[in-house]
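Numbering (my numbering), first residue to last: 176 to 260.
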């Protein structure tokens, strides 16, 4: 579960809770006029990521899904929103 999305000077910092058994995490984002797009996959036990491709002044909504082999968890469709600095 995504816990926080916070603006940085060069991107948006994301933090999520560790899911037992997860081998990796898929990070998705969308803007007001788009659908969910996969930003990156984080392998291992890491539970944070900085989206440096976020464009200043744009509001993004993020969500995360845990992955274990062919299993991909559900995600919070509402997500967490943040506007890039």
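Glycine included, each C-beta is placed from N, C-alpha and C at the ideal position.
For residue 184 versus residue 260, is the C-beta distance shorter than 7 Å? On the chain shown, residue 184 is found 9 positions in, with the first residue counted as 1. On the chain shown, residue 260 is found 85 positions in, with the first residue counted as 1. Their beta carbons are under 7 Å apart, which means residue 184 touches residue 260 by this criterion.
Beta-carbon contacts of residue 206 that lie in its chain and below 8 Å, excluding the five residues immediately before and after: As a position in the chain shown, residue 206 is number 31, starting the count at 1. Result list for residue 206: 233, 234, 235 and 236, in chain order.
Does any residue of chain D have a CB that is nearer than 7 Å to the CB of residue 237? Here chain D cannot be found, since the structure has a single protein chain.
DSSP state of residue 234 mapped onto helix, strand, coil: Counting from one through the chain shown, the residue named residue 234 turns up at place 59. Residue 234: strand per DSSP, three-state reduction.
Given residue 200 as reference, the closest of 244, 227 and 231 once Cα atoms are compared: Here residue 200 corresponds to residue number 25 of the chain shown, with the count starting at 1. Comparing Cα positions, the closest option is 244.
Local Cβ density within 10 Å of residue 224, reported as buried at 16 or more and exposed below that: Translated into the one-based positions of the chain shown, residue 224 becomes position 49. Buried, since its Cβ has 16 or more Cβ neighbours within 10 Å.
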